[in-house]
Amino acid sequence: MNTFSFNDGVLHAESVPVTDLMEQYGSPLYIYSKSEVESNWQQYSQALSDQPHLICYSVKSNSNLAVLNILANLGSGFDVVSIGELHRVISAGGDPAKCVFSGVGKTLAEIQEALGIGIYCFNIESESEMDRVLSVAESMGVIAPISVRVNPDVDAKTHHYISTGLKENKFGVDIESALGLYRKAENSSSLRVCGVDYHIGSQITEVSPLMDALDKALELIRKLASEGIKIEHLDIGGGVGINYDNTQTINISSYIKDVISRVGDLEILVEPGRSIVGSAGIFVTKVEYLKQNSNKSFAIVDGAMNDLLRPSLYNAHHNALVVQESVEGISGNWDLVGPVCETGDFIAKDRHLTLAEGDYVALTSAGAYSFSMSSNYNTRPRVAEVMVSKNQHSVVRERETVAELFNNEKIFE
Ligand code: LLP
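Numbering-wise, the numbering used here puts 361 at position 361 of the sequence shown, and it's gapless, one number per residue.
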């Protein structure tokens, strides 16, 4: 059984017809498959089974508590970028001691709280941040475990908005300056040097930039060792791309095997997001109106850029599948556009589909950076999320109501 596949002309999520889910939970809707999340995580786990390792799922890609809970039950660690994400992990039953804290702008309050809770490691992004972590740890009388996120200056060959490992990007510390930070950390009794970290970008489909980054990090680890600074773990970040549109991408097992062959007995940390949840979700939206202008055919759907931003923001491609074609459908090349008042509000462009008003269309590979990037623009309540496991299903986030959206606002008097 494929996770999302057609059976008797109807798209199913595991064993459940998507039409049933739409009827029960309404439109638009995010639908996730539990088994797909699990099997994607298992790929990493199996590939790393003979090596000391910690898989730190990148919470930002899909932070729904149900997703986090499924991964926590598998024993996963987590990569968080805010104290809010850390609290999500804890609420979902995850272990904070298996969390790395990444991100360029950790606030004083976040550092204090994370130190108090006790996390695996801070991924340090600048010297100022390291100084701040140091002074907070000193004042709290605790030792902060740190790893420096190095910027290896390699081109990840991905969309420039999601490339992070070039000198011109805001992330990490120049690999040359990192040595100085490690020396400083090593001399401090409130910091414990534990790792080296890098993350060069997302939706990477070729392994060579990742291996270049790995080599640079290993060179740094050797230099550190020659000065007596011992590194326990190497965090290779996330970034493995998924197949949105018959794209050739990285084979996780062989990539991890290559990594293992170079790192000796170092513990490997990995921070995958998209490659765990991307293929495990679909976004389903209903065709409200068909509108044929002289040279363009538009299907106006009830989902919009506030629900699924990736097409508008990155020109990203999600395959569009009609959940169940109706006999009165019209074949053509359609732009799927939402009701938001922006020309940039589109979900898919120029797709050959047979559509009728009232049909449901599923946008595939929408498990990552999809709901988690949604907003309330145009005062649109965020949609419901549903988890499916075999023939079972339930809501894992209720659809927001309009009243909730301005509950916290006040008239100025
Ligand atoms: N670690 C760090 C420090 C990160 O910044 C990210 C993602 C990850 C791990 C996970 O990367 P992944 O395995 O998911 O590629 N919104 C964009 C993607 C932004 C990625 C941000 N960082 C999109 O929709 O394509």
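Note that the Cβ used here is the ideal one computed from N, Cα and C, for glycine as well. Note that this is a predicted model, so its numbers are computed, not measured.
### Message
Taking only three categories from DSSP, how would you classify lysine 291?
### Response
As a first step, residue 291 is located in the sequence shown; it is residue number 291 there, counting from the start. Correct three-state label for lysine 291: strand.
### Message
Checking the sheet assignment: what are the DSSP bridge partners for tyrosine 377?
### Response
Within the sequence shown, residue 377 is the residue found at index 377, counting from 1. Paired residue(s): none; tyrosine 377 is not in a bridge.
### Message
Assuming the contact rule is C-beta atoms closer than 8 Å, glycine 238 and alanine 156 should be a hit. Round their C-beta distance to whole Å, please.
### Response
Working through the sequence shown from its first residue, we reach residue 238 at position 238. Working through the sequence shown from its first residue, we reach residue 156 at position 156. Actually they are not in contact, since the Cβ atoms of glycine 238 and alanine 156 sit about 11 Å apart, beyond 8 Å.
### Query
For glutamate 129, which option in Ser139, Ile276, Gly105 has the closest C-alpha, if you only look at C-alpha atoms?
Stepping through the sequence shown from its first residue, residue 129 is reached at position 129. Of the candidates Ser139, Ile276, Gly105, the one whose C-alpha sits nearest the C-alpha of glutamate 129 is Gly105.
### Message
Please state the DSSP three-state secondary structure of histidine 317.
### Response
Position 317 of the sequence shown, counting from 1, holds the residue named residue 317. Histidine 317: coil per DSSP, three-state reduction.
### Query
Can the beta-carbon of tryptophan 41 be found less than 8 Å from the beta-carbon of isoleucine 204?
Here residue 41 refers to the residue found at position 41 of the sequence shown. Here residue 204 refers to the residue found at position 204 of the sequence shown. In this structure, isoleucine 204 does not lie closer than 8 Å to tryptophan 41 by Cβ.
### Query
Is there at least one non-hydrogen atom of the ligand LLP closer than 7 Å to the beta-carbon of tyrosine 244?
Counting from 1 along the sequence shown, the entry for residue 244 is found at position 244. Answer for tyrosine 244: no, Cβ out of range of the ligand LLP.
### Query
Counting along the chain, where does the alpha helix (DSSP H) carrying glycine 344 start and finish?
Sequence index remark: in the sequence shown, residue 344 carries index 344 (1-based). Glycine 344 -> no alpha helix (DSSP H), and no H or E assigned at all.
### Query
To which residues does DSSP link lysine 286 through a beta bridge?
Reading the sequence shown from its first residue, position 286 is the one you call residue 286. Beta-bridge pairing links lysine 286 to Tyr360.
### Query
Would the C-beta of alanine 348 count as close to the ligand LLP, meaning under 7 Å from any of its heavy atoms?
As a first step, residue 348 is located in the sequence shown; it is residue number 348 there, counting from the start. Checking every heavy atom of the ligand LLP against the Cβ of alanine 348, none is found closer than 7 Å.
### Task
Give a single yes or no on whether valine 89 has its beta carbon closer than 7 Å to a heavy atom of the ligand LLP.
Position 89 of the sequence shown, counting from 1, holds the residue named residue 89. Not so, every heavy atom of the ligand LLP lies at least 7 Å from the Cβ.
### Task
For glutamate 385, name the three-state secondary structure that DSSP assigns.
As a first step, residue 385 is located in the sequence shown; it is residue number 385 there, counting from the start. Note: glutamate 385 maps to strand in three-state DSSP.
#### Entry: Beta-ladder partner(s) of threonine 354, from DSSP
Numbered from its first residue, the sequence shown carries residue 354 at position 354. According to DSSP, threonine 354 bridges with Ser331.
### Query
Between Glu85, Asn64, Ser312, Tyr255, which lies nearest to lysine 34 when the distance is taken from Cα to Cα?
Translated into positions along the sequence shown, residue 34 becomes position 34. The shortest Cα separation from lysine 34 among Glu85, Asn64, Ser312, Tyr255 belongs to Asn64.
### Separation of glycine 329 from threonine 354, as counted between CA atoms
For the purposes of this step, residue 354 is taken as the residue at position 354 of the sequence shown. For the purposes of this step, residue 329 is taken as the residue at position 329 of the sequence shown. One C-alpha to the other measures close to 5 Å.
### Message
Any heavy atom of the ligand LLP closer than 7 Å to the beta-carbon of methionine 373?
### Response
Mapped onto the sequence shown, residue 373 falls at position 373. Answer for methionine 373: yes, Cβ within range of the ligand LLP.
### Query
Is isoleucine 31 helix, strand or coil when you go by DSSP?
Counting from 1 along the sequence shown, the entry for residue 31 is found at position 31. It is a strand residue.
### Query
Is it true that the CB of isoleucine 256 sits closer than 8 Å to the CB of tyrosine 44?
Locating residue 44 in the sequence shown gives position 44, counting from the first residue. Locating residue 256 in the sequence shown gives position 256, counting from the first residue. A contact, by the Cβ cut-off of 8 Å.
### Query
Rounded to a whole number of angstroms, what is the C-alpha to C-alpha distance between serine 190 and lysine 286?
If you number the sequence shown from 1, residue 190 lands on position 190. If you number the sequence shown from 1, residue 286 lands on position 286. Whole-angstrom Cα-Cα distance: 56 Å.
### Query
Can at least three beta-carbon pairs, one atom from the segment 43-61 and one from the segment 245-260, be found at a separation below 8 Å?
yes
### Message
Measuring only the C-alpha atoms, how far is leucine 210 from histidine 352?
### Response
Taking the first residue of the sequence shown as position 1, residue 210 is located at position 210. Taking the first residue of the sequence shown as position 1, residue 352 is located at position 352. The straight-line gap from Cα to Cα measures roughly 36 Å.
### Query
Since asparagine 73 is in the beta strand (DSSP E), which residue starts that stretch and which ends it?
Position 73 of the sequence shown, counting from 1, holds the residue named residue 73. No beta strand (DSSP E) contains asparagine 73, which is instead part of the alpha helix (DSSP H) from 65-74.
### Query
Does the distance from the CB of glycine 414 to the CB of methionine 305 come in under 8 Å?
Missing from the structure shown is residue 414; the chain here goes from 1 to 413 and no further.
### Message
Considering only their Cβ atoms, is the gap separating glutamine 324 from valine 10 smaller than 8 Å?
### Response
Position 10 of the sequence shown, counting from 1, holds the residue named residue 10. Position 324 of the sequence shown, counting from 1, holds the residue named residue 324. Closer than 8 Å, so yes.
### Query
Taking the beta strand (DSSP E) that alanine 299 falls in, what are its first and last residues?
Here the question's residue 299 lines up with position 299 in the sequence shown. Alanine 299 -> beta strand (DSSP E) spans 297-301.
#### Entry: glutamine 392 - containing beta strand (DSSP E), residue span
Position 392 of the sequence shown, counting from 1, holds the residue named residue 392. First-last of the beta strand (DSSP E) with glutamine 392: 392-397.
### Task
With a threshold of 7 Å, establish whether the CB of alanine 368 neighbours any heavy atom of the ligand LLP.
Within the sequence shown, numbered from 1, the residue matching residue 368 stands at position 368. Flag set: Cβ of alanine 368 near the ligand LLP.
### Message
Rounded to whole angstroms, what is the Cα-Cα separation between methionine 22 and proline 28?
### Response
The residue given as residue 22 occupies position 22 in the sequence shown. The residue given as residue 28 occupies position 28 in the sequence shown. Straight-line Cα distance between these residues: approximately 8 Å.
### Message
Less than 8 Å between the beta carbons of isoleucine 236 and valine 284, yes or no?
### Response
As a position in the sequence shown, residue 236 is number 236, starting the count at 1. As a position in the sequence shown, residue 284 is number 284, starting the count at 1. It is not a contact, given that the beta carbons lie outside the stated cut-off.
### Task
Give the secondary structure of isoleucine 117 by DSSP, where H, G and I count as helix, E and B as strand, and everything else as coil.
Here the question's residue 117 lines up with position 117 in the sequence shown. Reduced to three states, the DSSP call for isoleucine 117 is helix.
### Query
For the alpha helix (DSSP H) that contains histidine 12, what are its first and last residues?
If you number the sequence shown from 1, residue 12 lands on position 12. No alpha helix (DSSP H) contains histidine 12, which is instead part of the beta strand (DSSP E) from 10-13.
### Message
I'd like the ranges of any beta strand (DSSP E) spanning at least 3 consecutive residues and lying wholly in the segment 69-156.
### Response
77-80, 99-101, 121-124, 144-151
#### Entry: Spatial neighbours of valine 133 in its chain, beta-carbon cut-off 6 Å, leaving aside the 5 residues before and after
The count along the sequence shown starts at 1 and reaches residue 133 at position 133. Same-chain partners within the cutoff: Ile111, Phe122, Ala144.
### Distance between phenylalanine 101 and arginine 222 (C-alpha atoms, nearest Å)
For the purposes of this step, residue 222 is identified with residue 222 of the sequence shown, where counting begins at 1. For the purposes of this step, residue 101 is identified with residue 101 of the sequence shown, where counting begins at 1. So the alpha carbons of these two residues sit roughly 25 Å apart.
### Message
Mapping the DSSP letters down to three states, classify phenylalanine 371 as helix, strand or coil.
### Response
Walking along the sequence shown from the start, residue 371 turns up at place 371. Three-state DSSP puts phenylalanine 371 in a helix.
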